[in-house]
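Have a look at the structure below before the remarks.
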Amino acid sequence: METEAPHLLEKREKKERREGLPELKNAVKGKVVLRFAPNPNGPLSFGHARGIVINGNYAKEWDGKLILRFDDTDTVVKPPLPEAYQQIPEEAEWLLGFKPHRIVIASEQMPHYYEHAMLMLKKGFGYVCQCSGENFKEFRVSKTECPCRKNNVNLNLELWTKMTDGTFVPGDAVVRVKTAMDLKNPALRDWPALRIQNTAEHPHPRKSIGSKYRVWPLLDFQSAVEDKIQGVTHIIRGKDLMDSTRKQVLLYEHFGWTYPETLYWGRVKVHEWGGFSTSQMRRDIEAGLFTGWDDPRLPTLAALRNRGITANALRDFWVELGVTQKDISVPLSTLYSHNTKIIDDAAPRLAFIRQPENIKIEGEYPNDIKVEVHPNHASRGMREFDVSSKMIWIEQEDLMKSEVRLKGFANIEITGKTARVGSIERNDRRPIIHWLPESSTTNATLLMAEDGEMQHIEGKLESHSYPEGTMVQLERIGYARIIDSSTLIFTHS
RNA sequence: GCUCGUAUAGUGUAGUGGCCCAUCAUGAAGGACUCUCAUUCCUUCGACCCGGGUUCAAAUCCCGGUACGAGCACCA
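Here my numbering = 1-based position in the first sequence + 954.
Here you go:
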């Protein structure tokens, strides 16, 4: 057979499961330019992390560049938050493990947008439209051209001046891109590119910009022009922006440019979180409903980080979800399981006694008890407990059980508030509980966000010398992050 | 209403006409290890939305239906 029909012996290779993200189309190593463009109206949320992780991963994979761009062109509906300009780059770097290669602030690029707007008017593929929003909506629905569409170049330029010099007020005029009114998709018909904002009443929060401009580009125009200026090669974004791509392609055709490759992802909902919007969170924080952007009840990156979710876990999580266009709903436990994998090996074990009950131990036993810092790493040493005072703390819930084993210590039989020590050796299958000697404990609070409520769980924490920020595992409870000498924040079980 | 998109186990995901009685992870159940309800390891469970068509062959292509989501803002 070997000689007669060798092909029959060839084992067909089983197709390998693709690892990581799908391959980028039309990508050239070293030439890929991607961008992540949040509105700096607040710090980053869980959802933003997807944009950073996916774009960042591709940038890394293709030896390309990642641009962090602030799309801060709205001063009225979603005004930017000044702190966000510092916080977002810092959060992005934490999440990525590297600094974004370039930072672009849209409000500083206004001259470019003006230049392109005027170019558009001069070349005749844009016009100043003085119809009201409602009127234009009717034109759009009925596929009829609005009268302003016939303006000649000179008139358009004249009207543009009235937009910029303050003759016109918000609502009086917008600049539209001439597409066609009979396009199948109504969303694309002569879409608006720039509008007037009342920046006297609503100045841009960045002082250097303030009330300097009245006419501001809308997302579709600003983003399109900026992508061209920055040489973006690939755009990866939510599929809610699909029509935005189509609008921008029409604009690119007018300018004679080639549109970047585009990839979309669907909506992600997290079972445990309802609808949080950045604007709403901002109001609630200002109203004192939350302690800040890092309040553990919030779905912000700052909050997750504060709770002890690692950047690595977040990256693994988003890469695993990939870039499918499906709308999905995931439980937080998926993120937690990624996090556990990353933190468990390093997390020292500590005992934390909730609702502590002080009980007396009677009988024969050694006074020095040793328990491992980490059960899988003997080299990390032992925790030492001195029980010569004969008094120990156990959880109230464990007090109800009569026969238990004190972890690393002895079997006991509890009667009321005293415990009779039996075997020092473990010689049966009775449940094991955690405990602490009366000394060498500190009073501590475990903060836990559950169902949108903050729980402050008071208890006795084993004395330790780990620095703030250390991830520990509280035996039989779960992982937690040390905030200060008397506060822990619960990460997950 | 018009337009666009998506549909694989409980939840995610691989799969682009034959390697698929369908991948991997997570989850659940059971077990091993373990002086934590942790970690690790093993076993088991479980899916191609429905109906037509094209083809020797369809999870994969086409048509219709259904469900869900998005856009039609002088928000991003």
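Where is the CB? At the ideal position from N, CA and C, for every residue including glycine.
Going by DSSP in three states, residue i sits in which element: helix, strand or coil?
i	result
D1238	helix
H1208	helix
P1171	strand
D1322	strand
S1165	coil
R989	strand
A1257	helix
L1289	helix
Q1041	helix
R1380	coil
G1335	coil
T1232	helix
F1024	strand
I1143	It is worth fixing the name first, because residue 1143 is Arg in this sequence and not Ile. Coil.
Q1279	coil
D1430	For clarity, residue 1430 is Arg in the given sequence; the question names Asp instead. Coil.
D1352	helix
G1051	coil
G984	coil
P1101	helix
L1195	helix
R972	coil
R1160	coil
T1187	coil
V1203	helix
Whose C-beta lies closer than 6 Å to the C-beta of residue i among residues of the same chain, with five residues either side of it excluded?
i	result
I1189	P1214 and T1216
K1371	I1313
M955	The pLDDT assigned to M955 is 33, lower than 50, so where the model puts this residue is not dependable, and the model offers no usable value.
M1064	Y1167
G1001	none
T1199	T1216
Y1290	H1446
Please go through the same chain and pick out, in chain order, the residues whose beta-carbon is closer than 8 Å to the beta-carbon of residue i, but skip the five residues on each side of it.
i	result
K1355	I1368, P1385 and I1387
P1036	P1159 and R1160
K1223	D1281, I1282, S1283 and V1284
E1422	I1436, I1437 and D1438
E964	Its pLDDT being 36, under 50, E964 is placed unreliably by the model, and nothing is read from it.
D1194	R1221
T1294	Y1433 and H1446
N993	F1024, D1025, D1026, D1028, K1032, P1034 and T1232
Taking the continuous alpha helix (DSSP H) assigned at residue i, which residues delimit it?
i	result
M1072	M1064 to K1077
N1397	Run containing N1397: none in the alpha helix (DSSP H); it sits in the beta strand (DSSP E), T1395 to E1404.
D1248	Per DSSP, D1248 belongs to no alpha helix (DSSP H) and is neither H nor E.
R1004	F1000 to E1015
M1450	Examination of residue 1450 is not possible in this model, given that the chain is present from 955 through 1447 alone.
V1273	A1265 to L1275
G905	Summary: the structure shown does not reach residue 905, with the chain confined to residues 955 through 1447, and so no result is reported for it.
Should residue i be listed as close to the ligand GDP, given that the test is whether its C-beta is under 7 Å from any heavy atom?
i	result
D1174	Because no ligand of any kind appears in the structure shown, any question about the ligand GDP cannot be addressed here.
Closer than 7 Å by C-beta to residue i: which residues in its own chain qualify, once you throw out the five before and the five after it? Chain order, please.
i	result
K1053	E1047
K1014	none
E958	Caution is warranted here: a pLDDT of 34 is assigned to E958, below 50, making its placement in the model unreliable, and the coordinate value is therefore given only provisionally. Result list for E958: empty, nothing under 7 Å.
C1083	F1090, C1100, C1102, A1127, V1128 and R1130
N1321	D1340, V1341 and S1342
V1179	H1066, Y1067 and H1070
A1060	R1023, F1024, D1025, D1026, T1027, Q1176 and E1180
T1098	M1135
Where does the unbroken beta strand (DSSP E) through residue i begin, and where does it stop?
i	result
E1412	E1407 to E1416
I1315	P1310 to E1316
V1224	V1222 to V1224
A1364	A1364 to T1369
L1360	E1357 to L1360
T1153	From DSSP, T1153 is part of no beta strand (DSSP E); its letter is neither H nor E.
V1082	G1080 to C1083
Looking at residue j and residue i, is the spacing between their C-beta atoms short of 8 Å?
i	j	result
R1251	A1403	yes
A1003	W1272	yes
L1255	L998	yes
V1358	G1317	no
L1075	W1114	yes
A1305	W1389	yes
R1023	A991	yes
M1346	I1315	Checking the displayed sequence, the identity of residue 1346 turns out to be Ile instead of Met. Result yes, Cβ atoms of I1346 and I1315 sit closer than 8 Å.
Q1309	E1349	yes
The stretch 1026-1033 / the stretch 1133-1142 touching (three or more Cβ pairs under 8 Å): no
Within 8 Å, do at least three Cβ pairs link the stretch 1182-1197 to the stretch 1115-1132? no
Count Cβ pairs between the stretch 1163-1179 and the stretch 1013-1027 that sit closer than 8 Å; are there 3 or more? yes
Three Cβ pairs or more, each shorter than 8 Å: is that satisfied between the stretch 1061-1077 and the stretch 1146-1154? yes
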